[in-house]
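A short worksheet on the structure shown next.
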Amino acid sequence: NAGVTQTPKFQVLKTGQSMTLQCAQDMNHNSMYWYRQDPGMGLRLIYYSASEGTTDKGEVPNGYNVSRLNKREFSLRLESAAPSQTSVYFCASNLSVLGGYTFGSGTRLTVV
Amino acid sequence: DQQVKQNSPSLSVQEGRISILNCDYTNSMFDYFLWYKKYPAEGPTFLISISSIKDKNEDGRFTVFLNKSAKHLSLHIVPSQPGDSAVYFCAARGQYNNNDMRFGAGTRLTVKP
């Protein structure tokens, strides 16, 4: 019963480096989300994909790109990492418009 | 602009007593509200939700109350248990974009034995 799996769990990047955060869900959910969590800010939506083949910007999309590779996988890419992107990133999925999201365990990213 | 606000960063209660976590929102278009619980090094887990057509929803020890006129909701935990110690996030979603869920900053609840 994997649910939502995120990789890697930890990552340290140098300013300007790029990387992709991976997310996969095995619950046949339609919608997938990327959030970042910063101290005192709660979780903020970066991008979401309401269904396979579609992606939309959330509250804080600048500096990020996403790909909904198939129904299971939704990746988040940082093309040129900045210290302001130091955060904990959570991927989530949801079957329908009702109910709560299922979250992964997070990726702790530090940009130095 | 933080549309969902949890003004108490922390709350400490005695085991067996009631825990009341509060949440305020500013966007009148929100029509669905949720509470999540988060343990350290884990993702948030969904706890309970309420639609704007209701003013109360109960699930075991957890009850959520919604006061639409005050744009306020609260989560009651009765009785509180040490295992309830976690960070609780309030979240809200609007009817026109139900994929844009906004979260509060969270309240850390500590239940003392």
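Sequences listed follow chains A and B, in order. Numbering-wise, the numbering used here puts 5 at position 5 of the first sequence, and it's gapless, one number per residue. Count along the second sequence from 1, then add 1000; that gives the number in the numbering used here. Beta carbons: idealized from backbone N, C-alpha and C, even for Gly.
With a cut-off of 8 Å, do at least 3 Cβ pairs link the stretch 1035-1052 of chain B to the stretch 1087-1097 of chain B? yes
The stretch 29-44 of chain A: which residues have C-beta closer than 7 Å to a C-beta of chain B, in chain order? S31, G40, M41, G42, L43
CA nearest to the CA of A/T7, picked from A/S80, A/L13, A/C23, A/E59: A/C23
The stretch 58-78 of chain A touching the stretch 38-47 of chain A, judged by at least three CB pairs closer than 8 Å: yes
If you reduce the DSSP assignment to three classes, tell me which class B/S1052 lands in. coil
Count the other C-beta atoms from every protein chain shown that fall within 10 angstroms of the C-beta of A/V12, then say buried if there are 16 or more, exposed otherwise. exposed
Which residues in chain B have a C-beta closer than 9 Å to the C-beta of A/S105? List them in chain order. A1041, E1042, G1043
State buried or exposed for A/R36, treating a residue as buried only when at least 16 other CB atoms are found within 10 Å of its CB. buried
7 Å CB neighbourhood of A/K57 in its chain, flanking five on each side removed: Y47
Closer than 8 Å, CB to CB, is A/G53 near chain B or not? no
Please list, in chain order, the chain A residues whose beta carbon lies closer than 9 Å to that of B/F1030. By Cβ distance, chain A contributes nothing, its closest Cβ being about 14 Å from B/F1030, past 9 Å.
Can the beta-carbon of B/R1016 be found closer than 8 Å to that of B/S1074? Note that residue 1016 of chain B is Gly in the sequence shown here, rather than Arg. No, these two residues do not count as a Cβ contact at 8 Å.
Any C-beta of chain B within less than 9 Å: which residues of the stretch 56-78 of chain A qualify? D56, G58, E59
Within 8 Å, do at least three Cβ pairs link the stretch 1005-1012 of chain B to the stretch 1093-1110 of chain B? yes
Supposed contact pair B/V1111 and B/S1052 - C-beta distance, whole angstroms, cut 8 Å: In fact, because the Cβ distance is near 30 Å, the residues do not count as touching under 8 Å.
With a cut-off of 8 Å, does the C-beta of B/S1049 fall near any C-beta of chain A? yes
Could one say the Cβ of A/Y47 lies closer than 8 Å to chain B's Cβ atoms, at least one of them? no
Contacts of A/A2 in chain B (Cβ-Cβ under 7 Å): Going along chain B, no residue has its Cβ under 7 Å from A/A2, so there is no contact; the nearest lies around 13 Å.
Residue environment, A/V4, which counts as buried when at least 16 other CB atoms sit within 10 Å: buried
Could you check whether the Cβ of B/F1089 sits closer than 8 Å to any Cβ belonging to chain A? yes
Chain A within 8 Å of B/D1100, Cβ atoms only: yes
Distance check for B/V1013 and A/G53, CA to CA, integer angstroms please. 47 Å
Output needed for A/V111: all residues of its chain with C-beta closer than 7 Å, excluding positions within five of it in sequence on either side, in chain order. L13, T15, A81, A82, P83, Q85, T86
Does chain B have any CB closer than 8 Å to the CB of A/F90? yes
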